[in-house]
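Participant:
In the working numbering, the protein residues as written are 11 to 132.
1) For residue 67 and residue 14, I'd like the C-alpha separation in whole angstroms.
2) In angstroms, rounded to a whole number, what distance separates the CA positions of residue 45 and residue 83?
3) With DSSP collapsed to three states, give me the class of residue 115.
4) For residue 93 and residue 103, I'd like the C-alpha separation in whole angstroms.
5) So residue 93 is in the alpha helix (DSSP H); what residue range does that whole segment cover?
6) Determine the DSSP secondary structure at residue 80, reduced to helix, strand or coil.
7) Give me the Cα-Cα distance between residue 50 and residue 76, rounded to the nearest whole angstrom.
8) Mark residue 21 as exposed unless 16 or more other C-beta atoms lie within 10 angstroms of its C-beta, in which case mark it buried.
9) Could you spell out the range, first to last residue, of the beta strand (DSSP E) harbouring residue 31?
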């Protein structure tokens, strides 16, 4: 199901008041990933959300569907943002970094949003 602009606006407003992506997704009948993507895309952040440190070393794990996922390292984040600031296209960056286009697009959005988040307390 594709979200309408009104649903996206509602979801972002609820996220900014502290609703979880799971609760919003359940109300709209979509996945929490779809809500997470839209909130990330539109800069909607929960008041409880905090910036966390990026792992220093790459972590590789397997998702429930059997696909392999690799975390980004600080060096990769730096390289990614350098490419983005040079004006390179998502597809070109994905090829250079040997990552999927969606992974690159989502990571850029997250890194840009992260700048505005408060730091998590240990």
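Just so it is clear, CB atoms sit at the ideal spot from N, CA and C, and this is done for glycine as well. Keep in mind the model is a prediction, meaning the values are calculated, not measured.
Facilitator: The relevant details are as follows:
1) The residue labelled residue 67 in the question sits at position 57 within the chain shown. The residue labelled residue 14 in the question sits at position 4 within the chain shown. Going by the C-alpha atoms only, they are around 39 Å apart.
2) Locating residue 45 in the chain shown gives position 35, where the first residue counts as 1. Locating residue 83 in the chain shown gives position 73, where the first residue counts as 1. Distance between the alpha carbons of residue 45 and residue 83: 25 Å.
3) Here residue 115 corresponds to residue number 105 of the chain shown, with the count starting at 1. In the three-state scheme derived from DSSP, where H, G and I count as helix and E and B as strand, residue 115 is classed as helix.
4) Taking the chain shown and counting its residues from 1, the one referred to as residue 93 is at position 83. Taking the chain shown and counting its residues from 1, the one referred to as residue 103 is at position 93. Computed Cα separation, rounded: 7 Å.
5) Here residue 93 refers to the residue found at position 83 when the chain shown is read from its first residue. That run of the alpha helix (DSSP H) goes 84–95.
6) Within the chain shown, residue 80 is the residue found at index 70, counting from 1. If DSSP states are grouped into helix, strand and coil, residue 80 belongs with the strands.
7) For the purposes of this step, residue 50 is taken as the residue at position 40 of the chain shown. For the purposes of this step, residue 76 is taken as the residue at position 66 of the chain shown. Across the structure, residue 50 and residue 76 are spaced so that their CA atoms are roughly 25 Å apart.
8) As a working note, residue 21 is residue 11 in the chain shown. Under this definition residue 21 is a buried residue.
9) To locate residue 31, count along the chain shown from 1; it is residue 21. Counting along the chain, residue 31 falls outside any beta strand (DSSP E), though it belongs to the alpha helix (DSSP H) covering 31–38.
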